[in-house]
Each structure stands twice: as structure tokens, then as C-alpha cells.
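K.L.:
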Amino acid sequence: MTFQRPDLSTILRRVATDMEVIGGVPADQYNAVAEGIKQAIAGASHTLHGHIDWASVQFHPYTATGKEFEQHAAVFGVARLPATAAGGTVRFTGTTGKVIPAGTLLHSRYGYDYVTGAEATIAAGTADVSVVALLAGVAGNLPATETLSLVSPVDGVKATATLLGDGLTGGNDIEGYDTMRVRYLREVQEPVKGGTRLDYVTWALSFPGVTRAWAKSLAMGDGTVTVRFAMDNKYADGIPLAADATALYNYLEPLRPAGMSGLTVVPPTPAPLNPTIAIAPNTTAVQAAIEAQLRELLRDEAEPEEGTGKGRVLISHLRAVTSQAAGEADNAWVGPTVDVTPAVGSIVTLGTITWQTKA
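Quick note: the sequence shown, position 209, residue 208 per numbering that gives the first Met the number 0, numbers continuous.
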């Protein structure tokens, strides 16, 4: 039974009743001392009830919060995933022979600072240097189209550096407790059994930034497992980059049981859903609310297709969450009008919505 904390007024009445029954002091005969005793006892009791109320929540891992929940999870070896810093490679241009010192600071237009690794010397007009964000977090990630600027001039080196490859990746915020609780419950309910298909899902979800994961046995032959995954907090459509897949593979490979033929880690191929929806009222606020509902649905229900209909998203569910959006009075899905099933290896993501006004 849920603990019901009495409020201060209730406790005051209880103390007054006890003082009258036990001490023979009716409430209408209180002097200042008796009133003070009543208030002090009630105040102390109220504080204790507050602690009991808090403790009753922390006793159970389903409801525990903060450090108390972390202690529950630690019993099963589940630790909160730390924030990680973004990193990558940048290219400087300048005069051949000029040196870029280790620890050179760079700045992004979004306010994040980065620092170079080892010292580099410009050869043939360029030098490629590894950099890492000074602060951990997803905000440090940058696409390859961005540039970084030197905080202080370096002799013979241009002030801006271009990003190479996929840009700066690998930055993650500290794990939220809701996500950690999902991993904890999975560890309790589906403990690792030495390399089963579901073990790979559990392992993948313990990698920073991974929010969803799927594993398929035998996809590449006997003794093989293919892992696909999503990073919803890092990318708008949740689809990771090749660098993320490499990092996850390197994390999973040491866990692979001896004798297993092969492990493949790949992002699912996005299959954008580009619906046309007529809504009333057709306002930006309602549009935003519907878009948020659709993204949440796809995060909950979309899976990579395996050729069995597993990746199908039901049109009835898409229509239902559209109707649940705040401010929506009426809607009609102009298209698609049937269930959406992506190609094998693909997952339904939200693409571009075309809005119409419903009469």
C-alpha cells in the first residue's frame, strides 16, 4: 500500500487529541507552554513523515531517484553512463613548416571550445590534427560542414580549420535516469546468458548514446549476429553515423563469445515517412504538436525490417497519435493511407510533413 503522508494540520489535531486524552489538557485550556509543546511535537513529526515519504519512494527501484536508484542498479552491475566529449580530425592550412602546438584551442560558432592533441607541422600547405571538446556533451558534436576558429593566432596558420570525415562525433550527455531504468530492468528481467541474441541488445544499450538496439542471429551465416541501433538523442532521425557503428563494434567485440563466427554492427537504413496531413486548425503550434507525437510513436514502435513485417508501422497508430496532439480538433491522413513497411534493413523515420487545411 502506498504511504500516505499526513499534512501538518492533521498532525496538529492528532497531537492536540493526545494531549487532551493522555495529559488531560483540553485545547481550550492551553497556555503558552502547552501550545509550544504541541507545535514542536507536530513540527518534528511532520519532518519525520516527510523523510518516511521520501524513503518509501527510494526503497523500490521502480520509483527510486538519483543516487538512491544508482545504488539499486549497482547491485546488478548497471552504472549510469557518463557524458562523453566529442572528437574528430580537423585540417589546418598555412605555410609549410609552421608548427601547430599541442593544446591549441579552437572555438565553434555555437560557443563550444576544442583542444588539439599532438603537435603537428604543416606539410604541403596542410596539417591534419585530432581535436576533442573541452566539455563533454552532445552539444559538442559538429557536422563536417562546420569550421572551427583559432582562439589565439598561430604564426603561419590560417585562423579557421575544416572538419574531416563525419565531423566531430562521440559527444553524449550523461545518461538520463529513465533510460538507465530501462537498462536496469532489462538486466534484472533478461540477464546476460553468455551471448544470446538478446544479450547483444543489452550490451549495445549500455554503450553511451545508444537509445534503441536490435540484434538478428544468422543474418550473415551460421554463428553470426547483426546489431542495428539508434541514437535518438544525438541525431534528429536517430540514425547513427558510420563512426558510431565502428565505436559500438569495438565495444561489443570483446564481449563476443569465443567460437562465434562473426559480429556485424550497422546503422539501420532510414526510410523517411513523408506524410500529407490535413488538420484543423492548421497552425504552427498544432503542426509542432503533431510532429512531436509522430516522432515519439516512431521511437517507440519503429524497428528495422527483417522481411517478416517486423518493421511495419500501423497507419491506425499514426492516425491515433495525430488525434492526440494538443490543440488538434480534426485531421485526415491524405497519404499514406495504409500501413508503412520499409525495405529489409531499413527503419521508418519521420521525413517531411506536407500540411493541408482540413475543411
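Glycine is no exception: its CB is placed at the ideal position from the N, C-alpha and C atoms.
Given this structure, state the Cα-to-Cα distance separating Leu272 from Ala319, to the nearest angstrom.
P.N.:
Straight-line Cα distance between these residues: approximately 16 Å.
K.L.:
In this structure, does DSSP put Glu118 in helix, strand or coil?
P.N.:
Here Glu118 sits in coil by DSSP.
K.L.:
From this set, Gly220, Ile99 and Lys309, which residue's C-alpha is nearest Val153's C-alpha?
P.N.:
The candidate whose alpha carbon is nearest that of Val153 is Ile99.
K.L.:
Between Thr103 and Val114, is the Cβ-Cβ spacing less than 9 Å?
P.N.:
Yes; because the gap between Cβ atoms is below 9 Å, this pair is in contact.
K.L.:
Would Val156 and Asp127 be called neighbours here (beta carbons separated by less than 9 Å)?
P.N.:
Cβ distance not < 9 Å, so Val156 and Asp127 don't count as in contact.
K.L.:
CB-CB under 6 Å to Pro239, same chain, minus the five flanking residues each way: which ones, in chain order?
P.N.:
For Pro239, where only same-chain residues beyond five positions count, the Cβ hits under 6 Å are Met230 and Pro266.
K.L.:
Cβ atoms of Pro253 and Ala328: under 9 Å apart, would you say?
P.N.:
Not closer than 9 Å, so no.
K.L.:
If you draw a straight line from the alpha carbon of Thr83 to that of Gly222, how long is it in whole angstroms?
P.N.:
Distance between the alpha carbons of Thr83 and Gly222 is about 33 Å.
K.L.:
Identify whether Gln418 lies in helix, strand or coil by the three-state DSSP scheme.
P.N.:
The chain is shown only over 0 to 358; residue 418 falls outside these bounds and no answer can be derived.
K.L.:
Enumerate in chain order the residues of its own chain whose CB-to-CB distance from Ala78 is below 8 Å, with the five nearest sequence positions on each side excluded.
P.N.:
Glu69 and Ala72.
K.L.:
Going straight from the alpha carbon of Leu11 to that of Tyr61, what length do you get?
P.N.:
So the alpha carbons of these two residues sit roughly 33 Å apart.
K.L.:
With burial defined as no fewer than 16 other Cβ atoms inside 10 Å of the residue's Cβ, what is the status of Leu313: buried or exposed?
P.N.:
When all chains shown are included, Leu313 counts as exposed.
K.L.:
Please confirm whether any heavy atom of the ligand ATP lies closer than 8 Å to the CB of Gly110.
P.N.:
Within the structure as shown, the ligand ATP is missing, as the structure has no ligands at all.
K.L.:
For Gly306, which residues from the same chain have a beta carbon less than 6 Å from its beta carbon, with the 5 sequence-adjacent residues on both sides left out?
P.N.:
Around Gly306: Val343.
K.L.:
Should the segment 296 to 306 be regarded as contacting the segment 242 to 250, the criterion being three or more beta carbon pairs within less than 8 Å?
P.N.:
Short answer: they don't touch.
K.L.:
Roughly how many whole angstroms lie between the Cα atoms of Glu67 and Ala122?
P.N.:
Rounded to the nearest angstrom, the two C-alpha atoms are 55 Å apart.
K.L.:
From the DSSP output, which residues share a beta bridge with Ser107?
P.N.:
BP columns for Ser107 are empty, so no partner.
K.L.:
Assign Pro253 to one of three DSSP states: helix, strand, or coil.
P.N.:
Residue state, collapsed to three classes: helix.
K.L.:
If Thr340 and Gly310 are in contact, beta carbons under 8 Å, what's the gap, nearest whole angstrom?
P.N.:
Sure, about 6 Å apart at Cβ, within 8 Å.
K.L.:
Report the three-state DSSP secondary structure of Ile276 (helix, strand or coil).
P.N.:
Correct three-state label for Ile276: strand.
K.L.:
Would you kindly work out how many angstroms separate the C-alpha atoms of Arg108 and Leu162, rounded to a whole number?
P.N.:
The straight-line gap from Cα to Cα measures roughly 14 Å.
K.L.:
Is it the case that the Cβ atoms of Gly169 and Gly87 are separated by a distance below 9 Å?
P.N.:
Their beta carbons are under 9 Å apart, which means Gly169 touches Gly87 by this criterion.
K.L.:
Answer with buried or exposed for Met179, where buried requires no fewer than 16 other C-beta atoms within 10 angstroms of its C-beta.
P.N.:
Buried, by the Cβ-count rule.
K.L.:
Where does Ile36 sit, in a helix, a strand or coil, going by DSSP?
P.N.:
Residue state, collapsed to three classes: helix.
K.L.:
On the criterion of 16 or more Cβ atoms from any shown chain inside 10 Å, does Phe58 qualify as buried, or is it exposed?
P.N.:
Exposed, because fewer than 16 other Cβ atoms sit within 10 Å of the Cβ of Phe58.
K.L.:
How would you call Phe2, buried or exposed, if buried means at least 16 neighbouring beta carbons within 10 angstroms?
P.N.:
Exposed, since its Cβ has fewer than 16 Cβ neighbours within 10 Å.
K.L.:
Taking the beta strand (DSSP E) that Phe91 falls in, what are its first and last residues?
P.N.:
Gly86 to Thr92 is the extent of the beta strand (DSSP E) around Phe91.
K.L.:
Identify which residue in Glu290, Ser345, Gly350 and Pro335 has its Cα closest to the Cα of Gly326.
P.N.:
Per the Cα distances, Glu290.
K.L.:
Going by DSSP, which residues form a beta bridge with Ala132?
P.N.:
According to DSSP, Ala132 bridges with Tyr113.
K.L.:
Report buried or exposed for Gln38, applying the criterion of at least 16 other Cβ atoms within 10 angstroms of its Cβ.
P.N.:
The residue is exposed, with fewer than 16 neighbouring Cβ atoms inside 10 Å.
K.L.:
Determine the extent of the beta strand (DSSP E) in which Ser345 is found, giving its start and end residues.
P.N.:
Start and end: Ser345 to Leu349.
K.L.:
When you compare only the Cα positions, how much space is there between Ile278 and Trp354?
P.N.:
Rounded to the nearest angstrom, the two C-alpha atoms are 7 Å apart.
K.L.:
Quick check for students: name the residue ranges of the beta strand (DSSP E) that lie wholly in the segment 183 to 223, counting only runs of 3 or more.
P.N.:
Complete beta strand (DSSP E) runs here, min 3: 211 to 216.
K.L.:
Please report the straight-line C-alpha distance between Val56 and Glu34, rounded to a whole angstrom.
P.N.:
Straight-line Cα distance between these residues: approximately 33 Å.
K.L.:
What do you get for Ser151, buried or exposed, if any count of 16 or more other CB atoms within 10 angstroms of its CB means buried?
P.N.:
Its Cβ having fewer than 16 others within 10 Å, Ser151 is exposed.
K.L.:
Classify Asp338 as helix, strand or coil using the three-state DSSP reduction.
P.N.:
Coil at Asp338, not helix or strand.
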